[in-house]
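Under the working numbering, think of the first position of the sequence shown as 772, with each following residue one higher.
All remarks here apply to the structure that follows.
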Amino acid sequence: MNTNFQFLKTEWAIFYQRATKAEQLVIADPRTSLAYARMALEVAVNWMFANDEELTLPFNTTLNSLITDRIFKEQFNHKLYSELHLIKKAGNLAIHNKPVADVDSHTVIEYLFYFAKWFAKSYGETTIEDAGVFNWDCIPKQGSEALTKKQFEALQKQLDNELDKFQEQLEKADKEKAELAKENELFKKQIEALQAQIETNKVQANTLDQAVHPRNEYETRKYYIDVALREAGWDLQGIKDKEYKVQYMPKSTNTSETGYVDYVLWDDDGLPLALVEAKKTLESASKGENQAQLYADALEKMFGRRPVMYYTNGFETFLWDDQFYKASRRVHGFYTKAELQTLMFRRSHRADIRTAPIDTNIAGRTYQMRSIKSIAEHFAGTDKTTNKLIGTNRGALLVLATGTGKTRTSIALSKMMLEANWVKRVLFLADRKSLVSQAKNNFVKFLPEHSSVNLLKEKDNPDARFAFSTYQTMMGLIDGARNGEHRFYGVGHFDLVIIDEAHRSIYKKYQAIFEYFDALFLGLTATPKESIDKNTYGIFGLPDKSPTDAYTFDEAVDNDHLVPYRTIDVPTKFLRQGIKYDELSEEEKEEFEDEILDGEEASGNEWIGFNELNQWLFNKDTAIKTLNFVLKHGIKKRGGDELGKTIIFARNKKHAQFLKDIFLELDKERFGNDYVKVITHGEPKAEEFIRRFCDEEKERLPQIAISVDMMDTGIDAPSCVNLVFYKPVKSFSKFWQMIGRGSRLRPDLFGVGKDKERFLIFDLCENFEFFNENPKGIESSSQKSLSEIIFELKLRLAQYLNQKQFLTDENLVAYRTELLDQLHNSIKTLDTQRFDVKMKIQTVLDYGTDNRGLWSHLSKKDEKIIIDQLAPLVQPEKGDTDLARFYDKLLYTIMIKRLETPNTSQFVEALTIPIAKVATTSKKLLKKTTIPEVKYKEGLIKLPLEESFWTNEGIFHLEKIRAGIRDLTKYIDPVDQKYVTTDFQDQLNEEEVVITDYASKKPQVTSPFKSNVHRLEEIIRNHKDNITINRIRNGETITKKELKSLEKMLFSDEVQKETIESELGNPLDLVGFIVALMGLSADSVDKAFANFINEYQLNAIQIQFIDTLKLFLTKNGKLDATKLYDAPFKNFHTLGVDGVFNEQQSDVIFKIIENFNKNQVGA
C-alpha cells in the first residue's frame, strides 16, 4: 500500500494504523478521515507524555488539555503547533456532526503528515530519511461508501476503548521505567542521555519543518476562516459558498463588471444572508470594508436583498449591517444561520423602542419609565438622510439607588425590547450565586411566559429566552467543553447582556465576556454617579459622569420610594483606640501575656491597634456590650418584645462565628442556631437561608443574619430594619450597597397601616465619620493576578537592566537575556484556543511565535502594549503555588529596589517590611527540616536571616534565594494565622452615643400659622396613619360623614374649629389644609400620571418634566397650573409646558392637576 506514513510503521504501529486510515478516506469519506486524523494525533500526543521526560501528564488528560500544556507547546515552531489545533478542531467538527468538507480532510491529512515527520525525527530510535513533501498520489481516488451516523458513533466508541487500553499500557510502561531508573543508576543516566538527544532532535525537526513544509500564509488564514465558519454551523460545501461570481461591480475595479466573493452565506430560500471578505493582513482591514461594501451592492442588485458584511484577515473580524448601523464593529466569530435570519427578520419587523409601550405593572414609577425611555433613545436614532430608524449606541449604564428597582426596570426593558423585536435572547450576569437566583426568580415572576435557565443549577437550554449566570460560570461556558469540546455559546447567541453592579473591577477581571458577545450591553449599578470610575463609563461608551440615566438615594427618599436611615454611632474604647497593655488590669495583663505574647513577658509598650480587633483578636466584653446595645435600642416588633430583622456585617468568617456564639450566650431561651445564622460563602445552603431571611410572604427565621460579603449587595430584604456595621468600609460604592440593605419600603410591617418608616444603622467602626472626611472613599484598584504582577515586575526589571551603567556587566546582561527569554516564552506558549487569547491573537503573534529578537529592543509603546494586552493573559506555571508566586513577587520587587537604591542603608531602611516577610518565610521553612528537600537547602534558607545578607551589593544573591527557595514554600502550612479570644473589660458610655437622622434634601414644610393652627398641624401629623387622612393624601374623595368623624377626632375644647377659622380669617377647608400640610402620597401621584406617560409614549425629557411636577404635588398637594410656565418648568423649555408637550398632552396634564386641586369631599 502506498502511503505517506510508511516511516511510522516500525516503531509506532497504532499511530501508523490511524494515520493511514485517515489517508485512505480523504476523498471517500472526509468525515471519518478527519476523525481518524484526530485520533492519530491523540495517540501520538499520549505517547509523547508517556515517554518524554520533559512532559508531565496533567490530571485532565483530554487532547485539548495535553496540547495546551506549556512545555508541550514549547517544542514546536508556531506554525506547526497551530496546525495541531486545526487537526483537533476539524476532528471535533467531524465527531460532533458539524459541517465538514473535502477541503478539511485534504488540509488536515497534510498537517498530520508534517507533524508525523517532526514526531519521527524527534523520537525515532533509528535515523529516518527525510520523507520529503506530502505525496498526493498516495490518496485513493475512491473507496468504500461513507459511514452512516450510527456506524460512525460505533467506530468512535471502539477507537476510544482502544485509546484507553493504549493509555493504560503507556502508563504501566512509564511506571516500570521509573522504578528501574530508581534502582539502576546506569539506566537513569542512559535515560538522561537519550532525553538530551531527543531535545537536539526536536530542534533539528523544527528547522527541517520550516525549511521543507510548504506553507501559503493566505491559504492558511483562509482555512482558519473556514474552520471558524464551520464552528458556527456553515458547511461551505455548496458550489455557491466560496469564490462566488457576482455581476454589477464598478468598472473602476474590473472592466468586466464582475467579481468573486470569498464566501457567501446563504439562506434556505436561496437569498444571501451574509458575505465574508478575506484579506491577508491587518493593514488591509479598511480595504476589506470597501471591497465588502461593493460586493454587498452587487449581491443586492442580483437578489434584491442586501447581505450582512464580514471582513477578516483570519485574526480580526468585523461585522457591518449597514441597513441598521452606520459603522462596522469588531466581532470575535461568525453568526449562525439562525442568528443571521433573525437579523434579516428584524429589518422589516423591528419597532421603534423610543415609542414602544412599557409594562407599568412591572416598572410603573415615572423614574423607571424615564430610565427605560432614556436607554431606548440611547440605543435608537433616526437617520438624518433617510429619516429611518437606525441603531446608534450599543452600551448603556443605569444608575439607580439600591432598592429602587434596578432589576424590575431591566425586566420591563427586556420585555419591551422582546416585543419590539430588538432582542430574542437575554443574558443576565451577576457576581454571586444568590444574586443570580434572585434575578431569575424576579424575571420568572413578571415574565412567566418566557423560558428561563439558571446556568448554575439547571441543564443547559440554548433556546431559553433568558439565561442567568455568574461571570465565572459564563467564562467557563464560553471557553469550556459542552457535548465534547465545542463552544456552547456563539458570539451572536445573546442580543442583550445585562451586567449587574457594573464597575471597573468586573470589567478588568471578565473583560473577555464584554468583548466576546456581539450584543447590546446594559450596566446596572447603585453606586452614586459621581463616584463611578471614569473607566466604567468608558466600558459602555459613555462620557465621564454621564450615565444613560440616574435616580439618586436623595430623590428616592424625597419621593417616598425609599425609607431614610438613622445612624447610631456606638463608641467603644477598644474599637476606637485599640487595646493598650499598660491600661489593663493586673489580671488582664497576665491574660494578655498568655494569649497574645505566648507566655512571654511584656515590655509595657504593647498595643493592639483598633484595626486588628475582629481580624484575629476577638474580645468578648466588646461583643457583649455592643450586641446588648443593639438588642436594647434596635427597632422592635411584636410590641417591642422582639428585635426586627437585623443584618450584621462582620469582618471575616471567624468574626461572624464569634458574634453568633456571643448571641447564644446572651439569651439561651431566645437565641438558637435557627434564630441567628452565619451566612458566608463557605457555609452550606447559605442561599437558602438568605431566601428565608428575605421571605416577605411569611415570617421565617433567621431573624438575625451575620454576613461576610454575601449580603452586602443586591439582596432584597424589605423587612430588615437594623443594620450593624461591625467592620470598617473604605469603598464608597460598597458603603452605599450596605446601606441599601435596609432602605426598601415595607408596608404593614408593624401591623395594618403601620409601615416601615426608617431603619437604623449601628456604626461601630466610624464609617460615617470616615466618609464625611473622605466623600469619595478609597476604592481599591483593579486587582491583578499574581502571575500578571510577576510578569510586569520581570519586564520592568529587564528594562531597568538595559540602562547604560549595567550593559558592561556580562552577568547582568546574561540575566537580562534569561528574563526576556522567560517573558517571550510566556507569550509564545499561550493557548491560542482560549477565547480571551484569540481576541488578542494578532498581538500575541506579534510578540510571541518566533519573534524573540523584538524583546531585546522594546520601545515604551511596546511595553505599554505588552502590559495592557498580554500580561493579563498570562497564567500560572503548572504546579506553581500561590506562596511560590508571592515569593517571586517579593524578591523581584526587592531586586528592582536594590538597583534603584545603591545606598545600602537607605535600601534596608526603605524595605523593612518586605525584608521581614522574606525572613519570616525562612523561619517557617526552618520548622520543616525533617523534609529532605528542605534539609538539603537549610544553609540557603538561613541566609536571609543574617543582617549581612541584605547589605550585599547587586542582585544575584537575591536571585539565588528566589530560585532556590520559591519551590520549597509549598511545605509551609497553608494556615498559619493565629486567632485569639480575650475577655478584657471594654467601655461603652451611652452618653457618648451620637444619633444622626438622614439629612433629606426635601425642604421641611414651615407653617405660616401660629398658636392653635400650629397645634392643629401637630395633631394631624400625630394621626398621619389615620385611614381618612391617608385617603385624603391618596387623592381619594371622602364622604361628609367621614369628614365629620375626622373633625371630631382633631378638634377639642383646647383646639376648636371656630378658633382656627378666626385665626385664619376665613372658613377652614380641612381637606385642603391636610393636603397642603402633608402633601399627596407618592403612590397616588404616580398612579395619576402612569397611564398618561405610557399612553402618549413620552420621551425622557417629558418624563423629567412630569417628575418635577410630581415633586410639587407630593410636597404641596395642590398646584396653580399657571406655575407650569415659570421656573423650574421653564428650565425644560422657554415656553414652559407648551414647549415640551403638544396641546392635547398639555390638556391632560391640566386635567390631572385640576383633579388634585378640586375639593375632595363628596356626598
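Think of the CB as a built atom: it goes at the ideal place given N, C-alpha and C, for glycine as much as any other residue.
Shown here, Trp1005 sits in coil according to DSSP, grouped into three states, outside any helix or strand.
Assignment of Pro801 by DSSP, reduced to helix, strand and coil, places it in the helix class.
Within its own chain, the residues whose Cβ lies closer than 7 Å to the Cβ of His1221, once the five positions on either side in sequence are excluded, are Arg1236 and Phe1237, listed in chain order. Residues Gly1166, Ala1167, Leu1168, Phe1292 and Gly1294 of the same chain have their beta carbon placed closer than 7 Å to that of Phe1311, with the five preceding and five following residues left out of the count.
Contact between the stretch 1451 to 1460 and the stretch 1179 to 1196 is absent: fewer than 3 CB-CB pairs across the two stretches fall below 8 Å. One alpha carbon belongs to Val1079, the other to Ile1419, and they sit about 55 Å apart. Trp907 carries a helical assignment under DSSP once its states are collapsed to helix, strand and coil.
The DSSP-derived three-state label of Tyr1082 is strand. C-alpha of Gln1756 to C-alpha of Ala1427: approximately 21 Å in a straight line. Remark: C-beta atoms of Thr1879 and Phe1863 do not approach each other more closely than 8 Å.
Look at Asp1012 here: in three-state DSSP terms it is coil, with no helix or strand label. The alpha-carbon of Ile1270 is positioned some 55 Å away from that of Lys1815. Annotation: Lys1812 is outside any beta strand (DSSP E); the continuous alpha helix (DSSP H) that includes it extends over Lys1811 to Leu1821. Contact annotation: the stretch 876 to 887 does not touch the stretch 1625 to 1635, with fewer than three C-beta pairs closer than 8 Å. Assignment of Trp1037 by DSSP, reduced to helix, strand and coil, places it in the strand class.
Across the set Ala1585, Tyr1066 and Gly1405, the C-alpha of Gly1405 shows the shortest separation from the C-alpha of Arg1529.
Of all alpha-carbon atoms in Thr832, Gly1075 and Asn1423, the one lying nearest the alpha-carbon of Lys1498 is that of Asn1423. No residue range can be given for Thr832, since it is assigned to no beta strand (DSSP E) and is classified by DSSP as neither H nor E.
Distance from Leu1333 to Gly1162 at the Cβ level is roughly 35 Å; contact not present, criterion being Cβ atoms closer than 8 Å. For Lys1527, no beta strand (DSSP E) run applies, since DSSP gives it neither H nor E.
Burial of Asp1289 is indicated by the presence of at least 16 other C-beta atoms within 10 angstroms of its C-beta.
Taking C-alpha positions only, Trp1193 is separated from Leu1869 by approximately 20 Å. Annotation: Ala1681 to Phe1562 spans about 23 Å, alpha carbon to alpha carbon.
Distance from the CA of Leu1568 to the CA of Val1584, rounded to the nearest whole angstrom, comes to 12 Å. The C-alpha of Ile1450 is placed about 44 Å away from the C-alpha of Phe1105. By the neighbour-count criterion, in which 16 or more other beta carbons inside 10 Å mark a residue as buried, Ala1394 falls on the buried side. DSSP, read as helix, strand or coil, puts Lys1424 in helix. Around the C-beta of His867, fewer than 16 other C-beta atoms lie within 10 Å, and the residue is accordingly described as exposed. Of the other Cβ atoms in all chains shown, 16 or more fall within 10 Å of the Cβ of Gln1873; this residue is therefore buried. Taking the Cα positions, Gly1522 is about 9 Å away from Arg1409. For Ser893, the enclosing alpha helix (DSSP H) stretches over residues Asp873 to Tyr894.
Between the stretch 1756 to 1767 and the stretch 1360 to 1379 there are fewer than three C-beta pairs closer than 8 Å, too few to call the two in contact.
For the 8 Å CB-CB criterion, Ala861 and Leu805 form a contact. At the C-beta level, Ser1205 and Met1509 stay beyond 8 Å of one another.
Bounds of the alpha helix (DSSP H) holding Trp1507 are Phe1503 to Ile1510.
With a minimum length of 3 residues, the unbroken runs of beta strand (DSSP E) contained wholly in the stretch 1290 to 1344 fall at 1291 to 1296, 1320 to 1322 and 1336 to 1340.
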